[in-house]
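Here the structure comes first, spelled out in structure tokens, and everything after it is commentary.
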Amino acid sequence: MEQTARRPSGGRKKSLNKRHGGMTNGLQCLYTNAQSMGNKQDELELLVQQTKYDIIGITETWWDKSHDWNVIMGGYNLFQRNRPDKKGGGVALYVRDVYTCEEIQDLEPQSQSESIWVKIKGEKKNRDLIVGVYYRSPSQTEDIDDAFLEQMAKHAKGREIVVMGDFNYPDICWMSNSAKSIRSNRFLTGLADNFIVQKVGEATRGTAILDLVLTNVDDLVSGVEVEGSLGASDHALLKFTIQRKGAAKHTRTQFLDFKKADFIKLREVLGEIPWTVILKGKGVHDGWEFVKREIVKAQRQAIPMRRKHGRCLKKPGWLSKELLTELRLKKDVYKKWKRGETTKEEFKQIASTCRHKVRKAKAQNELRLAREVKSNKKGFYGYVRSKRKNKETVGSLRGEDGEMQTGDTERAELLNVFFASVFSDKENNARPEEFGANDSAKETQPRITKEIVQEYLASLDVFKSPGPDELHPRVLKELADVISEPLAVIFENSWRTGEVPADWRRANVVPIFKKGKREDPNNYRPVSLTSIPGKILEQIIKQTVCAHLERNAVITNSQHGFLKNKSCQTNLISFFDRITSLVDEGNAVDVAYLDFSKAFDKVPHDILVKKLVKCGLDYATTQWICNWLTDRTQRVLINGSSSSWRRVTSGVPQGSVLGPVLFNIFINDLDDGLKGILIKFADDTKLGGVANTPEDRITLQNDLDRLENWAKANKMNFNREKCKVLHLGKKNERHKYKMGDTWLESSTCEKDLGVLVDHKLDMSQQCDAAAKKANAFWAASIGA
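Spelled out as structure tokens, the structure:
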């Protein structure tokens, strides 16, 4: 095998010029064995800000679930593989989020090889790049060694690959391409058989080359440098360039550039329009179209557009010149230590000082964000979102035919088809009068004043996104005193007549990733972005609806979702208190956890209207809601590209103001006739009861049958695979229960309680550790 480990002449200077000049001909890469990222994450972020790496590979992360908060870096997608059952090990790969990439699942799922593989789409067609990170434990068995070689060989077939990692073969001499041990020689043979070359030519730990960069194309990797360390790790940092450009993500998304907005001109243009005169005699539809058209036209005149750019890494608020100076000092001391000009203890002291200053700066920044949360909510929640493990971006999607869709329009269309597939096949329209409602309540006509609308406009969250009508909340808030009167006229006419403009029945759907595989459309939740003015009228109507429900005690006490003075906490406390009281008395207790399938999307409109009439809601409001639900349409947006419009034939929109209230009314009669303990949080339902005797268990089964009958009568479905039964009590006989023709999965009391206790203790320990850590650093910050 050809020897390529030695650095080419001039390679270092050329590589440095590329990085510091900001223009590169390839992907800039960083790799190291961290020997625990627990206290090195902050320094890694500092390194990233100093040199904008495209790819960062790490081995021995030592991460587990307790590290989920601090592992995310803004501007990067993170791929990782942790050891599930024991400490140590772990590999991770960061890739700049401007590149189109996806994880390649293990070719051999049973393989225990500690590796991760990611495909980065190439700038040119059919030039995709496979990048892998691998950690080989010194105690690793031969069969795992062989599994990795097979894995690498399969990835290398017909494709360009780069693999970085800690291979732990200290006896290999890369100059002569020879080794002393049989296992090391087998590794060399495996590389040679697949025409893979090794590019590192200097020791990476002590006097041995343990950390390697492998590739199957000789000139694909260049400029390899062994320099510095992360924290006080005894493994060196590897820096190199992959001579390929990744395919950058392009977006058609455009934003209003409020930094260049002329709000004075905006108000002047719209303030000259005689709204009352023009709207007189116009219907709701015509009046709305005129108001919308004039606002959009003035908006385009006074506020320029800008395209979203994602190539620049955002500078964190804690970064300072002092920290960059500390990092350079650490590098200089590291070089002196390697040359024997200083001691290892002195280097560790400098590394510790650098780490402490970075963590202190981050703590001060977090303290500032927490103190300013009321005046700077965007900054606070932006920081929280940047730390979330599950990003909301949409990955490549697999269609029903098995083909992967990567284009924005194709992915949007695929998701919209899936979201629409859960709706009822046919829209079930109904009028309030069909269920006994009449218009006798018209003597008390709805009244909406200019002042009410202006108050709602003035309280808009300017960081929310506009709906399909393109009216931005920032613009509407700036125009609150100008457009409140015409909007009040339109809102009142709409509520009185029941006429709802088409814009208020359209939705831009944003897919939100939940969990699981990103290529599966089923793992995305649709959230609707609807018209902001339409939402204001929804809020006004919601106040009337909620006042009626509260005044007449319509909603049962079993519901805890989307209600005043109730929450997820009251739901849990109420149910926990009643169930544990029964267990403390020595009873056997069975609890069924029930899950509706696509509950919000399945609500039949005709049945909902019937229940609105039954709860005594006035005719005008019921009629408006009925028309608001009729002939709805939606489309999915991804990176500014949209799908076609599709009909929404059932359900209440997720993301609307009225949706949660309407769902509470729809599901309100779920517990009619039940004898057990039922608690609801929106659609999440728990049913429990005593299970001492056969009669008790028959009673609980009868309750489950009633719930199944309710679901059929209301055209809903239980997701039986997610419905579970928990058995509590020492004398519990762990009876089997059915939902329809399906036996519910039953868990043992000891197992589930053990899991709950362990989870509670784990969360408690994590919270205590995080609190102590934060208090210590914030105290140091305040003292400083």
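If you count by the working numbering, then the sequence shown holds residues 383 to 1166, one letter each, in order.
Glycine included, C-beta positions come from ideal geometry on N, C-alpha and C.
Bear in mind that the values here come from a model prediction, so they are computed numbers and not experimental data.
- Here Asn939 is exposed. Its C-beta has fewer than 16 other C-beta atoms within 10 Å.
- No Cβ-Cβ contact shorter than 9 angstroms links Phe978 with Asn904.
- A residue is called buried when at least 16 other Cβ atoms come within 10 angstroms of its Cβ; Ala889 meets this threshold and is buried.
- With 16 or more neighbouring CB atoms inside 10 Å of its own CB, Asn598 falls in the buried class.
- When DSSP states are grouped into helix, strand and coil, Ile830 belongs to the coil group.
- Cβ contact annotation for Lys808 (same chain, cutoff 6 angstroms, sequence separation greater than five): none.
- Within the segment 725-799, the complete alpha helix (DSSP H) segments at least 4 residues long are 726-753 and 759-768, listed from N- to C-terminus.
- Its chain contains Gln681 as the residues whose beta carbon lies nearer than 6 angstroms to that of Val857, once the 5 sequence neighbours on both sides are disregarded; these appear in chain order.
- Of the candidates Ser1128, Arg1102, Met1121 and Lys1104, the residue whose Cα lies closest to the Cα of Asn1114 is Ser1128.
- Within the DSSP secondary-structure output, Met546 pairs in a beta bridge with Val515 and Val595.
- For Asn1084 against Ile937, the beta-carbon gap comes to about 25 angstroms, at or over 8 angstroms, which does not count as contact.
- Distance check between Lys642 and each of Ser558, Lys627 and Ala684 places Ala684 closest, using alpha-carbon atoms only.
- Sequence-distant Cβ neighbours of Lys503 in its own chain, meaning closer than 6 angstroms and more than five residues away, are Thr482, Asp510 and Ala629.
- Annotation: Ala585 is outside any beta strand (DSSP E) and is labelled neither H nor E by DSSP.
- Counting only the Cα atoms, Leu531 lies some 8 angstroms from Phe569.
- Around the CB of Thr912, 16 or more other CB atoms lie within 10 Å, so the residue is classed as buried.
- Taking Lys468 as reference, the option from Lys447, Asn1091, Val651 and Pro848 with the minimal CA-CA separation is Lys447.
- A distance below 9 angstroms separates the beta carbons of Trp445 and Gly472.
- In the DSSP assignment, the residues bridged to Asp1066 are Phe1063.
- Of all C-beta pairs linking the segment 1039-1058 to the segment 651-662, fewer than three are shorter than 8 angstroms, placing the two stretches out of contact.
- Residues of the same chain with a CB within less than 6 angstroms of the CB of Phe549, apart from the 5 flanking positions on each side, are Arg518 and Leu594 in chain order.
- When only Cα atoms are considered, Trp1125 and Arg741 end up about 53 angstroms apart.
- Note that the C-beta distance between Lys992 and Lys1097 is not below 9 angstroms.
- Apart from the 5 residues on each side of it in sequence, Val673 sits with its Cβ closer than 6 angstroms to the Cβ of Pro868 in its chain, given in chain order.
- Note that the C-beta distance between Thr571 and Ala618 is not below 9 angstroms.
- Straight-line measurement puts the Cα of Pro855 at about 7 angstroms from the Cα of Lys846.
- Within the segment 623-649, the runs of beta strand (DSSP E) at least 3 residues long that lie entirely inside it are, in chain order, 636-638.
- By the Cβ rule, the segment 701-712 does not count as touching the segment 661-668, because fewer than three pairs are nearer than 8 angstroms.
- Distance from Leu612 to Ala416 at the Cβ level is roughly 6 angstroms; contact confirmed, criterion being Cβ atoms closer than 8 angstroms.
- The beta carbon of Asn1074 sits closer than 8 angstroms to those of Asn969, Ala970 and Lys1113, all from its chain and outside the five residues before and after it, given in chain order.
- Spanning the alpha carbons of Gly547 and Val513 requires a straight line of approximately 11 angstroms.
- In this structure the segment 895-903 touches the segment 771-791; the number of beta carbon pairs closer than 8 angstroms is three or more.
- Bridge partners of Phe978 according to DSSP: Phe1100.
- Taking Asn811 as reference, the option from Ile922, Arg1014 and Asn1021 with the minimal CA-CA separation is Arg1014.
- Within its own chain, the residues whose Cβ lies closer than 8 angstroms to the Cβ of Gly998, once the five positions on either side in sequence are excluded, are His930, Asn934 and Val936, listed in chain order.
- Per DSSP, Tyr1001 is not a residue of any beta strand (DSSP E); the alpha helix (DSSP H) it occupies stretches across Tyr1001 to Leu1011.
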